[in-house]
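Colleague:
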Amino acid sequence: MAEPILEVLDLKVYFSVKKGIFSSTKSLVRAVDGVTFSMKEGDILTIVGESGCGKTTLGKAVAGLVKPSSGKILFYGKDIYSMDKKEYMNYRRNVQMIHQDPYASLNPVKTVYKILSTPLLRWGIVSGEEEARRRALDLLEIVGLTPPDYFINKYPHQLSGGQRQRLIVARAISVEPKIIVADEPITMIDVSLRLGILDLLLDLRKKMGLTVIFITHDFGAARYFSAKGGGDIAVMYLGKIVEKGPAESVIQEPLHPYTKTLIAAVPEPDPKYSRTKERIRLRSLDIPSPINPPPGCRFHTRCPLYMEVCSEREPPLVQLTNDREVSCFLYTEFSEKKA
Ligand SMILES: Nc1ncnc2c1ncn2[C@@H]1O[C@H](COP(=O)(O)OP(=O)(O)OP(=O)(O)O)[C@@H](O)[C@H]1O
Ligand SMILES: [Mg+2]
423 MAEPILEVLD LKVYFSVKKG IFSSTKSLVR AVDGVTFSMK EGDILTIVGE
473 SGCGKTTLGK AVAGLVKPSS GKILFYGKDI YSMDKKEYMN YRRNVQMIHQ
523 DPYASLNPVK TVYKILSTPL LRWGIVSGEE EARRRALDLL EIVGLTPPDY
573 FINKYPHQLS GGQRQRLIVA RAISVEPKII VADEPITMID VSLRLGILDL
623 LLDLRKKMGL TVIFITHDFG AARYFSAKGG GDIAVMYLGK IVEKGPAESV
673 IQEPLHPYTK TLIAAVPEPD PKYSRTKERI RLRSLDIPSP INPPPGCRFH
723 TRCPLYMEVC SEREPPLVQL TNDREVSCFL YTEFSEKKA
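Okay, so the sequence shown: first residue is 423 according to this note's numbering, each after it adds one.
Given below as structure tokens:
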């Protein structure tokens, strides 16, 4: 069996925030609260969950942009926080993050050439400006910004949202990373351009053997991405993974009541199908705060299938079958009885 490229073990990221502008007391935001998963080279993991559930924080921790409060991140079996400086820099180069906002992630006073050549020169991937220009033109071609000569001297404001996101993808792959963390890469761009960006990521994954973490709050996008690329889906709720498994299987047969509500909320193009779809009524529409998450199962305050045990104990994430994991007493009770 191939060695995992990435292992995330019981990862927690807490932020200490002031209770109010004038208050000196602090509270802890449990943005990521005990996440474990592992990926092999070339794997795709789609992380899906509502706003504020900790997706970006998890992605940033994996990319080394936020320091975890506890837990481990292993790259080819090595803890990234026990690496020496050179190894750690190598890790940072190998994990590139594509951020949600293509407008904020590009320096407005740099040309496309400057944006692409800076990392190439910094990491010594090219030996000088001439080679950097050639490589930058190749990268533009790869991400579909063609003809590349037309784009190379432009500034970010001269590009559309979709073109900027392609440029960000080009910059991310310029340093030949092994892992891409794409955090809501299509949320801020026009609907008509979204599928193009997802297709580009999948195409690059195939060509470059990339390992991809795709983060989205939109189950529709998760479905499109995984229908084409396969891989696993992990569903997050208030800092935790509540369900994980092969994408197709999670979509066709969601187990956790939260996953069922997310899937039920995806609009169907065919009204006939919409009518037959299982309707799920949440007990409450409010998402509880990660500062003070509900005791027991964090979803119990909204769960339509709430049982008494759910507010008393926290359901562990259990391996229900070979490839499906779920954290819900509907299944742990079941698996205990079976055992
Ligand atoms: N630097 C920070 N300081 C304090 N709290 C933070 C910080 N970054 C994130 N948080 C909080 O952590 C929680 C998780 O935030 P995060 O951005 O990871 O969620 P998300 O799932 O990416 O949400 P969205 O779908 O809106 O992007 C939120 O309650 C957020 O307010
Ligand atoms: Mg986010």
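C-beta: ideal position from N, C-alpha, C; glycine also.
1. Alpha carbon to alpha carbon, what distance is there between Q741 and V664?
2. Would you list, in sequence order, the uninterrupted alpha helix (DSSP H) runs of no fewer than 4 residues that lie entirely inside the region 554–600?
3. Where does I713 sit, in a helix, a strand or coil, going by DSSP?
4. Give the DSSP bridge partners of A656, in chain order.
5. Just to check my reading of the structure: G464 and T633 have Cβ atoms closer than 8 Å, yes? What is that Cβ distance to the nearest angstrom?
6. Quick test of the definition: if touching needs 3 or more C-beta pairs under 8 Å, does the region 425–437 touch the region 447–460?
7. G653 and R746: beta carbons closer than 8 Å?
8. What is the rounded straight-line gap between the Cα of V565 and the Cα of I608?
9. Excluding five sequence neighbours on each side, which residues of the same chain lie with their C-beta closer than 7 Å to the C-beta of Y498?
10. Using CA atoms only, rank isn't needed, just tell me which of R557, A592, L727 is closest to R627.
11. Which of the three DSSP states, helix, strand or coil, is assigned to S671?
12. Helix or strand or just coil, what does DSSP make of S539?
13. Flag D605 as yes when its Cβ comes closer than 7 Å to any non-hydrogen atom of ligand 2, and as no otherwise.
14. Determine the extent of the alpha helix (DSSP H) in which F444 is found, giving its start and end residues.
15. Taking 8 Å as the threshold (C-beta atoms), are R514 and G486 in contact?
16. In this structure, does DSSP put V488 in helix, strand or coil?
17. In the DSSP assignment, find the unbroken beta strand (DSSP E) run with E429 in it and report its ends.
18. Give me the Cα-Cα distance between E429 and L561, rounded to the nearest whole angstrom.
19. Distance check for E551 and D605, CA to CA, integer angstroms please.
20. Can you tell which of I619, S733, L538, G474 has its C-alpha closest to the C-alpha of I713?
21. What would DSSP say about V534, mapped onto helix, strand or coil?
22. Just verifying my parser: in three-state terms, what is the DSSP assignment at N744?
23. Buried or exposed for M613, please, with buried defined as at least 16 other CB atoms from any protein chain shown within 10 angstroms of its CB.
24. Nearest to L589 by alpha carbon, out of A554, T533, K629, W545?
25. Could you pull the DSSP bridge partners for Q522 from this structure?
26. Less than 7 Å between the CB of K482 and some heavy atom of ligand 2, yes or no?
27. Who does M511 pair with in a DSSP beta bridge?
28. Helix, strand or coil: how does DSSP classify R616 here?
29. Does the distance between the C-beta of T478 and the nearest non-hydrogen atom of ligand 2 fall short of 7 Å?
30. Just the Cα atoms here: how many angstroms apart are I520 and Y680?
31. Under a Cβ-count criterion, where at least 16 other Cβ atoms within 10 Å of its own Cβ denotes burial, should M511 be classed as buried or exposed?
32. Are V470 and F641 close, meaning C-beta to C-beta below 8 Å?
33. Please name the residue in T683, N744, S749 whose C-alpha comes closest to that of P738.
34. Throw me the rounded Cβ distance for the R556 and L542 pair, which I believe falls under 8 Å.
Modeller: The short version:
1. Straight-line Cα distance between these residues: approximately 11 Å.
2. Those alpha helix (DSSP H) runs which fall completely within the region 554–600 and span 4+ residues are 570–573, 583–596.
3. Look at I713 here: in three-state DSSP terms it is coil, with no helix or strand label.
4. According to DSSP, A656 bridges with I469, K666.
5. The pair is a contact, with the Cβ atoms about 6 Å apart (cut-off 8 Å).
6. Judged by Cβ distances under 8 Å, the region 425–437 makes contact with the region 447–460, as three or more pairs qualify.
7. Cβ distance not < 8 Å, so G653 and R746 don't count as in contact.
8. When rounded, the distance between both Cα atoms is 15 Å.
9. Excluding sequence neighbours, Y498 sits near E425, I427.
10. Comparing Cα-Cα distances from R627 to each of R557, A592, L727, the minimum goes to A592.
11. Helix, per DSSP.
12. Helix at S539.
13. Yes - ligand 2 has a heavy atom lying nearer than 7 Å to the Cβ of D605.
14. Careful: F444 lies outside any alpha helix (DSSP H) and carries neither H nor E.
15. Yes, Cβ-Cβ distance for G486 and R514 is below 8 Å.
16. Three-state result, V488: coil.
17. Run containing E429: 428–440, per the beta strand (DSSP E) assignment.
18. Just so you know, the alpha carbons of E429 and L561 end up roughly 30 Å apart.
19. Between D605 and E551, the alpha-carbon positions lie close to 31 Å from each other.
20. Among I619, S733, L538, G474, the Cα nearest to that of I713 is on G474.
21. In the structure shown, V534 sits in a helix (DSSP, three-state: H, G or I).
22. N744 sits in coil when the DSSP states are folded into three classes, being neither helix nor strand.
23. At residue 613 the sequence reads Val, which differs from the Met that was named. Result: exposed.
24. The shortest CA-to-CA distance from L589 to any of A554, T533, K629, W545 is the one to T533.
25. Beta-bridge annotation (DSSP): Q522 is not paired with any residue.
26. False, no ligand heavy atom lies under 7 Å from that Cβ.
27. According to DSSP, M511 bridges with nothing at all.
28. In the three-state DSSP reduction, R616 falls in the helix class (H, G or I).
29. Under cutoff, so the answer is yes.
30. I520 and Y680: Cα-Cα distance of roughly 27 Å.
31. Exposed, since its Cβ has fewer than 16 Cβ neighbours within 10 Å.
32. F641 sits close to V470, with the two beta carbons spaced by under 8 Å.
33. That would be S749, whose Cα lies nearest to the Cα of P738.
34. At roughly 10 Å, the Cβ-Cβ gap does not stay under 8 Å, so R556 and L542 are not in contact.
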